[in-house]
Amino acid sequence: MDFEFDVFRLGELTHGQPLYYLSMHLLQYYGLIEHFNIDVDVAKAFFREVEANYRNLSYHNSYHAADVLQTVNLLLLSDPQMAQNFTKLEILAACIASAVHDVDHPGVNNNYLIQSSHPLAILYNDLSVLEYHHASKAFEIMQKPGTNIFAKFPNDQKREIRKQMINMVVATDMSQHFTYINKLKSKISAAALKLQEAPDRALVLDMAIKCADLNNPAKSLEACKLWAFRIMEEFFQQGDRERLNGLNVSMFMDRKETNIPKCQIGFIDILVTPLFESWSQCIATDFTRLCMKNIALNRSHWESILDKPDAIPTFHPPDAHILEQELFATTGSPATLKKKLISMQKTGGSGDTSPDTFRQRGKGNSLNTKGKSPVGPISKNFQKPSLRSEPSRPIPEDGSRNTLFAKPDNKQSAVTPRMGRRTSGVVEMINPIKASALGRNLPELPKSDSSSDGAP
Ligand code: CMP
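Note that this note's numbering numbers the sequence shown so that position 307 is 320, with each residue one more than the last.
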């Protein structure tokens with residue numbers, strides 16, 4: 014089985030919309046659209062909107078979300094026996110939670126929002142501020158006409174999937190990292206993890222999204238380095254903002270002081286290895302074993318360049334005016350935020366049509382003016398692929414703008430009938446099982462949701 018997944022290649026193939034294509038593909042691949050009688054156009058509108066609400070940041074962008082989605086897919090579902098444990102509602106919740114888990118990320122962390130008394134920190138009482146914002150943003154998107162993917166769900170099912178999605182998104186808050194690991198470990202050591210029981214499956218889903226969120230050191234060395242440099246670029250910009258605003262510069266965010274290999278080794282040793290170790294004790298699949306192997310290899314690489322500054326690209330600070338901009342274009346006081354939400358619920362729409370209050374679609378965000386990357390090129394040897402070269406421009410049905418989409422492939426289109434041949438190049442990349450084996454070897458999702466499965 015081939016687990017290689019190059020989200021940047023997928024981004025090229027889909028003209029900067031890897032998340033939209035991957036989400037639609039997986040929902041169809043696992044028969045979720047059909048099972049839950051989801052309107053395909055509504056699902057498409059929802060995922061397009063989700064992708065458009067990711068900013069053009071170096072790390073927390075829609076490519077990261079697509080990567081997390083695919084990794085959750087590999088962690089949970091690449092092994093058919095494992096996949097059988099989960100209900101369709103859980104699989105759907107896992108897919109959507111992964112897709113939205115960082116939506117509208119501003120490029121700074123919770124600590125920054127709390128330290129700067131940002132209105133979102135006030136709104137969420139300093140607790141999982143960004144994670145609650147991402148989850149809330151997902152449901153805010155669903156309030157827009159034609160995007161409510163759960164519109165036809167019975168109420169109990171709506172409540173259940175909302176709960177599971179929120180739990181999964183909130184599980185990505187690193188402040189609770191060891192609580193989750195310890196929960197899983199104590200279940201494993203007491204031989205008490207029972208996947209027949211819903212709370213245990215919920216814990217496994219939480220752990221899956223956590224592993225996926227931290228999976229960059231578990232990738233091939235090239236991909237590991239690329240994502241590591243991307244997160245460091247974002248960290249350094251947060252450090253610049255902190256300095257500008259008179260806050261203490263956070264650890265590993267000072268571009269002048271930080272030793273990147275040291276930071277990566279610390280990240281691997283303290284956060285990543287314990288997480289993947291607990292996961293592999295719980296679910297020992299080929300993919301999990303590959304992750305563990307890569308983590309060890311990548312750690313050795315960072316160690317081998319600990320004292321070799323030439324092996325690290327140069328990072329350039331952004332223009333000061335970019336750092337001075339407000340993080341959330343739509344943010345006012347917490348009271349304004351609440352009012353906006355209530356008015357949206359009443360109108361069933363965005364609630365505020367002032368052009369200034371909306372993100373410029375496809376042009377990134379408040380950090381990213383004129384559609385340019387908020388930072389200059391990092392170095393000669395680190396080419397940061399541009400993420401949205403042709404933002405939200407629809408690809409013609411015949412795939413004529415991209416020859417890779419032009420060749421119909423019967424086996425593949427059988428898997429994604431409604432995506433049609435446009436996605437044939439995409440399908441090849443993102444299926445955990447090689448295209449030649451498709452149809453024979455699809456992971457089964459036989460279990461029905463006993464409590465709330467009202468789908469036809
Ligand atoms: P967030 O996406 O909020 O949650 C997971 C965190 O892990 C992420 O923010 C970063 O702070 C951190 N992270 C992810 N990848 C790396 C990396 N390669 N090096 C250091 N920190 C990382």
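The C-beta atom is built at its ideal place from N, Cα and C for all residues, glycine as well.
These numbers come from a predicted model, not from an experiment.
Span of the alpha helix (DSSP H) around residue i
| i | result |
| --- | --- |
| residue 113 | 101 to 113 |
| residue 268 | Where residue 268 is concerned, there is no enclosing alpha helix (DSSP H), given that its DSSP letter is neither H nor E. |
| residue 60 | 53 to 65 |
| residue 312 | 299 to 317 |
| residue 150 | 142 to 154 |
| residue 125 | 123 to 128 |
| residue 34 | 31 to 42 |
| residue 336 | 333 to 337 |
| residue 118 | Segment: none, residue 118 is in no alpha helix (DSSP H) and carries neither H nor E. |
Reduced DSSP secondary structure (H/G/I, E/B, other) of residue i
| i | result |
| --- | --- |
| residue 187 | helix |
| residue 286 | helix |
| residue 22 | helix |
| residue 86 | helix |
| residue 74 | coil |
| residue 291 | helix |
| residue 174 | helix |
| residue 280 | helix |
| residue 379 | Because residue 379 sits at a pLDDT of 33, beneath the cut-off of 50, its placement in the model cannot be relied upon, and the following sentence gives the value as read from the coordinates. Three-state result, residue 379: coil. |
| residue 384 | Residue placement at residue 384 cannot be trusted, given a pLDDT of 36 that sits under 50; the coordinates are not used to answer. |
| residue 165 | coil |
| residue 81 | helix |
| residue 16 | coil |
| residue 98 | coil |
| residue 92 | coil |
| residue 135 | helix |
| residue 50 | coil |
| residue 11 | Coverage of the chain is limited to positions 14 through 469, which leaves residue 11 absent and any answer about it impossible. |
| residue 340 | coil |
| residue 158 | coil |
| residue 347 | helix |
| residue 390 | At residue 390 the pLDDT is 38, less than 50, meaning the model places this residue with poor confidence and gives no usable figure here. |
| residue 194 | helix |
| residue 69 | coil |
| residue 296 | coil |
CB contact flag (residue i, residue j, <7 Å)
| i | j | result |
| --- | --- | --- |
| residue 274 | residue 318 | yes |
| residue 246 | residue 71 | yes |
| residue 79 | residue 119 | no |
| residue 12 | residue 147 | Missing from the structure shown is residue 12; the chain here goes from 14 to 469 and no further. |
| residue 3 | residue 230 | No information on residue 3 is available, as it lies outside the stretch 14 to 469 that the chain covers here. |
| residue 117 | residue 73 | no |
| residue 46 | residue 39 | no |
| residue 18 | residue 160 | no |
| residue 21 | residue 303 | no |
| residue 225 | residue 113 | no |
| residue 136 | residue 347 | yes |
| residue 200 | residue 208 | no |
| residue 336 | residue 267 | no |
| residue 140 | residue 134 | no |
| residue 75 | residue 62 | no |
| residue 197 | residue 178 | no |
| residue 242 | residue 265 | no |
| residue 185 | residue 144 | yes |
| residue 294 | residue 121 | no |
| residue 88 | residue 111 | no |
| residue 278 | residue 315 | yes |
| residue 194 | residue 102 | no |
| residue 128 | residue 260 | yes |
Which listed residue (the options) has its alpha carbon closest to that of residue i
| i | options | result |
| --- | --- | --- |
| residue 232 | 193, 59 and 300 | 300 |
| residue 49 | 123, 352, 162 and 325 | 162 |
| residue 292 | 279, 227, 351 and 111 | 227 |
| residue 238 | 252, 276, 263 and 264 | 276 |
| residue 107 | 61, 176 and 75 | 176 |
| residue 68 | 196, 351, 341 and 284 | 341 |
| residue 138 | 150, 152 and 123 | 123 |
| residue 296 | 83, 324 and 96 | 96 |
| residue 155 | 332, 56 and 325 | 56 |
| residue 339 | 285, 132 and 25 | 132 |
| residue 330 | 310, 290, 256 and 260 | 256 |
Length at least 4, wholly inside the region 199 to 272: the alpha helix (DSSP H) runs in chain order
211 to 226 and 234 to 257
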